[in-house]
Amino acid sequence: MPHYQHITAFTLGSILLGSGVSHAQSGKINFNEEVRPILNKNCTGCHGGVQMAGGVSFIYRDKALGKGESGKRIIVPGDPDASEFMRRILTNDPDDVMPPPAHGHKLDEKEITLLRNWIKQGADWEVHWAFEQPKMPAIPQVDSKWPNGNIDRFTLAKMQEKGLSPAKPGSAAELLRRLSFDLIGMPPTIEELDAFEKAFADNPEQAWEAAVDRLLASEKYGERWASVWMDLARYADSEGLGVDMPRTVWPYRDWLIRAYNEDMPYDDFTIKQLAGDLLENPSHSDRVATVFHRLTQANNEGGTDDEEFRVSAVLDRVNTTWEVWQGQTFGCVQCHSHPYDTFEKEEYYKFAAFFNNTKDADTSNRFPTLKVPNDPAEYAKATELLKAKLSAEEKFYGAARTLAQSESWKDGQMTGVNTNKGKAEIAKVNGVEEVRTVGNVAQGTRFEINLESAAALQALRVTLLPKDGAKAASTPNWGAPVSSAELFIVDAEGKKTASQIAYIIPDSMEATLTPEDTLNKKSRNGWGPWTKHFHPRWAILLPSEEIKLAEGEKLQIQLTFNHNTVNTPLVANRLRVEASANQKLGDWAKDPNTQASFKAMQAARSAYNRINGPAIPVIEERDPALARKTHLFEKGNWLEKGKIIEAPATPNSFPKMKVAGKQANRLDMARWLASEENPLTSRVEVNRLWQQLFGTGIVETLEDLGSSGLPPSNPELLDYLAMKFQGEYGWSRKQVIKEIVMSNTYRQTAEVGESKRSLDPRNTYLSYAPRRRLRAEAVRDAGLRVSGLYAEKMFGKPVYPPLPPGVWKPFYGGDKWKTPEVGQPDRYRRSLYTYWKRSIPYPALMSFDAPSRELCTKRRLVSNTPIAALTTLNDPAFAEFAQGLARVMKYDTEGSVEKKISTGYRVATSRRPNPEILKMLVDAYKDIEQSYKDNPDQLQGMAGTADGGAYTVLASLILNLDASLTK
13 MPHYQHITAF
23 TLGSILLGSG
33 VSHAQSGKIN
43 FNEEVRPILN
53 KNCTGCHGGV
63 QMAGGVSFIY
73 RDKALGKGES
83 GKRIIVPGDP
93 DASEFMRRIL
103 TNDPDDVMPP
113 PAHGHKLDEK
123 EITLLRNWIK
133 QGADWEVHWA
143 FEQPKMPAIP
153 QVDSKWPNGN
163 IDRFTLAKMQ
173 EKGLSPAKPG
183 SAAELLRRLS
193 FDLIGMPPTI
203 EELDAFEKAF
213 ADNPEQAWEA
223 AVDRLLASEK
233 YGERWASVWM
243 DLARYADSEG
253 LGVDMPRTVW
263 PYRDWLIRAY
273 NEDMPYDDFT
283 IKQLAGDLLE
293 NPSHSDRVAT
303 VFHRLTQANN
313 EGGTDDEEFR
323 VSAVLDRVNT
333 TWEVWQGQTF
343 GCVQCHSHPY
353 DTFEKEEYYK
363 FAAFFNNTKD
373 ADTSNRFPTL
383 KVPNDPAEYA
393 KATELLKAKL
403 SAEEKFYGAA
413 RTLAQSESWK
423 DGQMTGVNTN
433 KGKAEIAKVN
443 GVEEVRTVGN
453 VAQGTRFEIN
463 LESAAALQAL
473 RVTLLPKDGA
483 KAASTPNWGA
493 PVSSAELFIV
503 DAEGKKTASQ
513 IAYIIPDSME
523 ATLTPEDTLN
533 KKSRNGWGPW
543 TKHFHPRWAI
553 LLPSEEIKLA
563 EGEKLQIQLT
573 FNHNTVNTPL
583 VANRLRVEAS
593 ANQKLGDWAK
603 DPNTQASFKA
613 MQAARSAYNR
623 INGPAIPVIE
633 ERDPALARKT
643 HLFEKGNWLE
653 KGKIIEAPAT
663 PNSFPKMKVA
673 GKQANRLDMA
683 RWLASEENPL
693 TSRVEVNRLW
703 QQLFGTGIVE
713 TLEDLGSSGL
723 PPSNPELLDY
733 LAMKFQGEYG
743 WSRKQVIKEI
753 VMSNTYRQTA
763 EVGESKRSLD
773 PRNTYLSYAP
783 RRRLRAEAVR
793 DAGLRVSGLY
803 AEKMFGKPVY
813 PPLPPGVWKP
823 FYGGDKWKTP
833 EVGQPDRYRR
843 SLYTYWKRSI
853 PYPALMSFDA
863 PSRELCTKRR
873 LVSNTPIAAL
883 TTLNDPAFAE
893 FAQGLARVMK
903 YDTEGSVEKK
913 ISTGYRVATS
923 RRPNPEILKM
933 LVDAYKDIEQ
943 SYKDNPDQLQ
953 GMAGTADGGA
963 YTVLASLILN
973 LDASLTK
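What follows is the structure in structure tokens.
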């Protein structure tokens with residue numbers, strides 16, 4: 013297709029290079045390969061998903077083959093002369109021609125002929141390649157002894173198609189270094205190198221497979237690959253935004269490590285993170301997995317609107333889900349239909365409905381949370397404790413709620429209201445008396461509400477309501493927790509006698525605060541609709557004894573509000589009190605079984621709260637009675653709410669989702685993503701694995717497998733791996749990785765001449781091994797290992813390795829960087845355990861392109877700047893690594909200076925220095941040593957002697973070599 017050589021990378025996203033049968037080969041025009049690029053380049057800017065000028069879109073088949081606003085058929089299959097599309101292309105009228113002169117050049121003759129022939133052939137319309145169900149392709153028949161499996165057959169066929177041939181195999185040292193960094197993220201030790209080189213010399217194939225199996229079984233494998241997923245999950249130990257407060261989520265990081273080491277099937281891995289809480293009898297581990305979508309940013313700064321940032325988190329969950337599992341730029345659809353792919357705006361909000369009814373609400377207490385044992389061996393016990401707690405709560409509160417909801421409540425006959433702060437008044441709303449506040453409710457506000465009741469009183473129901481129910485549903489008010497509730501009987505002279513409240517029963521346990529706290533005068537918690545006051549919320553106050561008012565007496569209820577956020581006033585606005593004389597309520601409150609049930613609940617809560625470990629934020633679904641309505645946002649603005657979305661759903665252009673219940677939920681959606689029917693999930697993951705091993709994905713744009721992304725360099729290979737992954741391998745990532753690294757494609761040398769590189773400069777067709785700089789974490793972890801400082805401790809709380817001075821200046825003063833002393837293990841742990849603060853990411857890792865993780869990072873783009881070299885030369889951690897490597901050379905290696913330096917070089921680079929390199933290093937060492945002998949004051953405490961200082965400087969030099977920083 014020489015006439016498409018000028019097409020930009022953007023347009024190439026729609027071309028399937030090397031797939032299908034080209035027009036030149038068969039005469040049949042391939043829509044995806046030949047027609048779509050012309051449409052994307054020249055037409056979809058005005059006639060796409062965002063704009064549909066004249067009612068015409070070339071994104072959707074029915075619109076392209078239908079009628080425009082003019083009433084004329086746009087494209088008539090089989091009849092180009094009857095197609096308005098061709099008439100507008102061919103006309104010379106500047107007011108009528110397409111594309112318009114102001115928007116681009118007229119199509120050339122080859123393009124016009126191709127479009128005309130395409131229509132004449134029937135205008136076959138294909139969906140984008142990535143949305144087609146993957147199928148197992150035919151294995152290429154190549155005449156060569158080189159392939160060591162099907163992967164090699166696919167790559168060799170592509171090489172031969174491009175006039176290329178494979179490179180020779182890499183050396184034992186080169187291959188083991190590459191494999192070690194790829195599988196466990198660390199270099200091999202000299203002992204491992206020696207053993208492998210010996211075994212490799214005897215039986216290369218057997219030695220290689222043994223090394224592959226050993227590294228796949230290493231616990232370090234999980235640490236290396238978890239760090240990749242942490243980018244996708246936007247993992248951080250702080251909340252981002254505002255004051256960027258600390259947030260305890262490290263058990264999720266540990267869950268990832270274990271999931272990778274156990275080779276958890278990818279479908280389970282997917283479902284647990286997106287909907288682990290909705291599984292039948294979810295375990296503690298299942299609930300920990302849901303932290304994935306609690307890693308969205310949060311803003312607890314005073315004066316911010318919780319609902320704004322809750323909505324922001326929901327939208328981020330939508331975008332991240334599509335980026336991670338589908339490789340699509342679905343976020344575009346928040347504001348408008350997708351410019352280039354078949355995603356309509358309403359479909360975005362239908363998908364958002366899956367995430368819009370979780371309990372979290374951007375509150376400072378991070379509700380809902382889960383107590384997680386520090387020791388994973390206690391997870392099963394913790395699961396049982398949580399089940400016991402939930403069961404006991406449901407037994408106690410459920411019985412009371414059922415009784416209360418069957419009761420007919422009567423107006424409490426309020427006669428007056430006093431308050432110590434602000435103003436309040438009694439008003440009738442639809443014939444019902446309510447207390448209404450004038451203005452907001454400040455912290456410490458106490459209401460005294462007087463009631464008169466001639467009948468015996470068994471219970472009171474207090475209802476808190478939003479000021480304007482309709483308005484609250486779209487722009488909710490602040491919640492109003494009742495911190496303390498008390499009952500008094502007031503006689504005619506004003507004397508008060510307390511009436512004890514036995515129980516407070518809430519309408520739902522959705523509130524983040526514990527109802528019993530309301531019985532504690534000193535409580536700053538209590539019961540209430542927190543944080544956003546969407547719905548009326550009620551609680552029942554059950555006195556210990558029946559209340560009877562004598563002549564002249566009245567009942568007074570005192571409600572105190574002590575809880576707010578950074579002194580932000582609470583908008584309680586409306587409050588209603590109702591009464592009941594039903595003896596059943598009183599009998600239930602005094603029943604010994606009720607007291608036993610209450611004590612059992614308290615005991616279950618106490619046992620759960622004693623779990624030795626942190627409380628971490630997790631995902632939980634709201635009570636259906638309190639479900640939020642999902643709106644379509646006009647222009648993507650959450651304040652401009654459009655039509656209501658009736659039910660959550662997946663896009664129509666994808667396979668239909670199976671729904672287990674009456675309405676689809678997150679679990680249905682997660683299973684849809686993890687199903688073999690989904691055309692993208694397996695492709696996206698094997699492409700990500702390939703990118704981690706080769707540096708570039710089969711589809712280079714990991715973030716976009718849609719029409720605007722680049723095409724796969726070897727589409728048949730991509731589908732082969734995807735089908736093996738979801739089929740024969742049962743979603744096992746370790747098996748996919750093993751097949752890849754066992755291939756001869758992976759085992760080629762990277763040391764090739766310029767003539768070979770010039771034939772395939774970007775190594776698109778893998779005719780030699782790529783040489784890539786190490787991932788940021790591997791740069792630091794390699795320094796730890798070669799210096800002898802590496803601490804093998806796994807899991808647990810984040811650590812605080814050395815930082816350059818002046819870096820740690822957090823807005824929140826309570827967030828301290830506590831670097832362990834020299835020699836303490838937590839100073840030398842792997843990089844994925846480093847405390848990750850979004851506003852102050854660890855600078856040594858940022859210098860090597862680690863993201864700050866505010867948002868999902870699909871792939872790291874590699875930079876090459878002086879900052880990287882300055883980091884490895886001057887960062888205090890790397891200075892310590894250099895001192896450690898110096899000790900390895902000076903003290904741990906016997907023999908001559910040449911042998912010591914040769915050992916140091918091999919430890920860092922996994923190869924022996926050739927004579928020329930060794931001479932340069934020895935000469936450098938001698939010059940530095942002499943300089944320190946002449947100027948001992950320059951040692952600056954670096955080492956006690958001139959030779960120690962020389963080894964330290966030489967170690968720093970070695971650690972900065974390309975050979976040390978690449979694999």
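Okay, so the sequence shown: first residue is 13 according to this note's numbering, each after it adds one. We treat Cβ as the ideally placed atom computed from N, Cα and C, and that holds for glycine.
Got a sec, what are the start and stop residues for the alpha helix (DSSP H) M171 sits in? Locating residue 171 in the sequence shown gives position 159, counting from the first residue. 162-173 is the extent of the alpha helix (DSSP H) around M171.
If you draw a straight line from the alpha carbon of I852 to that of P822, how long is it in whole angstroms? As a position in the sequence shown, residue 852 is number 840, starting the count at 1. As a position in the sequence shown, residue 822 is number 810, starting the count at 1. Looking at the two C-alpha atoms, the distance is approximately 7 angstroms.
Residues near V154 by beta carbon distance below 8 angstroms, same chain, minus five either side: Here residue 154 refers to the residue found at position 142 when the sequence shown is read from its first residue. Cβ within range, chain order: R165, L168, A169, Q172.
Three CB pairs or more closer than 8 angstroms across the stretch 238-257 and the stretch 207-227: no
Nearest-angstrom Cα distance between S779 and T708? Within the sequence shown, residue 779 is the residue found at index 767, counting from 1. Within the sequence shown, residue 708 is the residue found at index 696, counting from 1. Those two C-alpha atoms are separated by around 14 angstroms.
Are the beta-carbon atoms of E186 and T761 separated by less than 9 angstroms? Start at 1 with the first residue of the sequence shown, and residue 186 comes out as number 174. Start at 1 with the first residue of the sequence shown, and residue 761 comes out as number 749. Yes, the Cβ-Cβ distance between E186 and T761 is below 9 angstroms.
Exposed or buried, which one is P380 when buried takes at least 16 other CB atoms within 10 Å? By 1-based counting over the sequence shown, the position of residue 380 is 368. By the 10 Å Cβ count, P380 comes out buried.
Kindly provide the ranges of any alpha helix (DSSP H) runs that are 4 or more residues long and lie completely inside the stretch 760-819, ordered along the chain. 766-771, 788-798
I'd like to confirm the pairing. Which residues does DSSP put opposite Y515 in its beta bridges? Reading the sequence shown from its first residue, position 503 is the one you call residue 515. Looking at the DSSP assignment, Y515 forms a beta bridge with L554.
Leaving out the 5 sequence neighbours to the left and right, which residues in its chain are closer than 7 angstroms to Q703 when beta-carbon positions are compared? The residue given as residue 703 occupies position 691 in the sequence shown. Only G709, L714, R871 meet the Cβ criterion.
If you draw a straight line from the C-alpha of W490 to the C-alpha of T642, how long is it? One-based indexing of the sequence shown puts residue 490 at position 478. One-based indexing of the sequence shown puts residue 642 at position 630. Low local confidence applies: a pLDDT of 43 at W490 is under 50, so the model's placement there is unreliable, with the coordinate-based value given in what follows. Each residue's alpha carbon lies about 19 angstroms from the other.
Own chain partners of I552 with C-beta closer than 6 angstroms, once the 5 adjacent residues on each side are dropped: As a first step, residue 552 is located in the sequence shown; it is residue number 540 there, counting from the start. The answer, listed in chain order, is A416, A471, R473, I517.
Does the contact criterion of 3 or more C-beta pairs under 8 angstroms hold for the stretch 808-822 versus the stretch 831-847? yes
Top-ranked residue by Cα proximity to E833, from E558, A248, A889: If you number the sequence shown from 1, residue 833 lands on position 821. The candidate whose alpha carbon is nearest that of E833 is A889.
Would you mind working out which of N605, L382, A404, S403 sits nearest G394, comparing C-alpha positions? What you label residue 394 is simply residue 382 of the sequence shown in a count that begins at 1. The question names Gly, yet the displayed sequence has Ala at residue 394. Checked all of N605, L382, A404, S403; the closest Cα to A394 is L382.
What does the alpha-carbon distance come out to for the pair Y903 and Q747? The sequence position of residue 903 within the sequence shown is 891, counting from 1. The sequence position of residue 747 within the sequence shown is 735, counting from 1. Computed Cα separation, rounded: 42 angstroms.
Would you kindly check if the distance between the Cβ of A514 and the Cβ of L469 is under 9 angstroms? On the sequence shown, position 457 is the one that residue 469 refers to. On the sequence shown, position 502 is the one that residue 514 refers to. Not a contact, by the Cβ cut-off of 9 angstroms.
Taking the alpha-carbon positions, what's the A184 to K210 distance? By one-based count along the sequence shown, residue 184 stands at place 172. By one-based count along the sequence shown, residue 210 stands at place 198. Roughly 9 angstroms between the two C-alpha positions.
Using the beta-carbon count (16 or more within 10 Å), is L880 buried or exposed? For this step, residue 880 is matched to residue 868 along the sequence shown. Contrary to the premise, residue 880 reads as Ala rather than Leu in this sequence. Label assigned to A880: buried.
Is it buried or exposed for S968, if we count other Cβ within 10 angstroms and need 16 for buried? One-based indexing of the sequence shown puts residue 968 at position 956. With 16 or more Cβ atoms within 10 Å of its Cβ, S968 is classed as buried.
Do three or more CB pairs link the stretch 242-249 to the stretch 863-870 at distances below 8 angstroms? yes
What is the DSSP secondary structure of S694, counted as helix, strand or coil? Counted from its first residue, the sequence shown places residue 694 at position 682. In the structure shown, S694 sits in a helix (DSSP, three-state: H, G or I).
DSSP state of V62 mapped onto helix, strand, coil: As a working note, residue 62 is residue 50 in the sequence shown. Three-state result, V62: coil.
Length-filtered (4 minimum) alpha helix (DSSP H) runs lying within the stretch 265-347: 278-287, 296-301, 318-338
DSSP three-state assignment for A856, whether helix, strand or coil: As a first step, residue 856 must be located in the sequence shown, where it is residue number 844. Residue state, collapsed to three classes: helix.
Go through its chain and collect everything with a Cβ distance to K132's Cβ below 7 angstroms, but skip five positions before and after it. Mapped onto the sequence shown, residue 132 falls at position 120. The residues are G90, P92.
Alpha carbon to alpha carbon, what distance is there between G288 and V303? As a working note, residue 303 is residue 291 in the sequence shown. As a working note, residue 288 is residue 276 in the sequence shown. Going by the C-alpha atoms only, they are around 10 angstroms apart.
Please name the residue in R259, D249, R236, S192 whose C-alpha comes closest to that of L227. In the sequence shown, residue 227 corresponds to position 215, counting from 1. It is S192 whose Cα lies nearest to the Cα of L227.
For R797, which residues of its own chain have a beta-carbon under 7 angstroms away from its beta-carbon, when the five flanking residues on both sides are left out? Indexing the sequence shown from 1 puts residue 797 at position 785. Same-chain partners within the cutoff: M198, P199.
Range covered by the beta strand (DSSP E) that runs through R586: The residue given as residue 586 occupies position 574 in the sequence shown. Where R586 is concerned, the enclosing beta strand (DSSP E) stretches over 586-592.
Distance CB(D772)-CB(K174) smaller than 9 angstroms: As a working note, residue 772 is residue 760 in the sequence shown. As a working note, residue 174 is residue 162 in the sequence shown. Contact: yes.
Leaving out five residues on either side along the sequence, give the residues of the same chain with a beta carbon under 6 angstroms from the beta carbon of S520. Numbered from 1 along the sequence shown, position 508 holds the residue referred to as residue 520. Contacts found: D635.
Select from D214, D374, K357 the residue whose C-alpha is nearest the C-alpha of S324. Taking the first residue of the sequence shown as position 1, residue 324 is located at position 312. Checked all of D214, D374, K357; the closest Cα to S324 is D374.
Determine the closest residue to Y360 out of D372, T332, N386, with distance taken between C-alpha atoms. In the sequence shown, the residue the question calls residue 360 occupies position 348. It is T332 whose Cα lies nearest to the Cα of Y360.
Looking only at its chain, what residues have a beta carbon closer than 7 angstroms to the beta carbon of K440, apart from the 5 residues adjacent to it on each side? Here the question's residue 440 lines up with position 428 in the sequence shown. Answer for K440: no residue qualifies.
Within this structure, are the beta carbons of G456 and N430 separated by less than 9 angstroms? Residue numbering aside, residue 456 sits at position 444 when the sequence shown is read from its first letter. Residue numbering aside, residue 430 sits at position 418 when the sequence shown is read from its first letter. Taking 9 angstroms as the Cβ cut-off, G456 and N430 do not qualify as a contacting pair.
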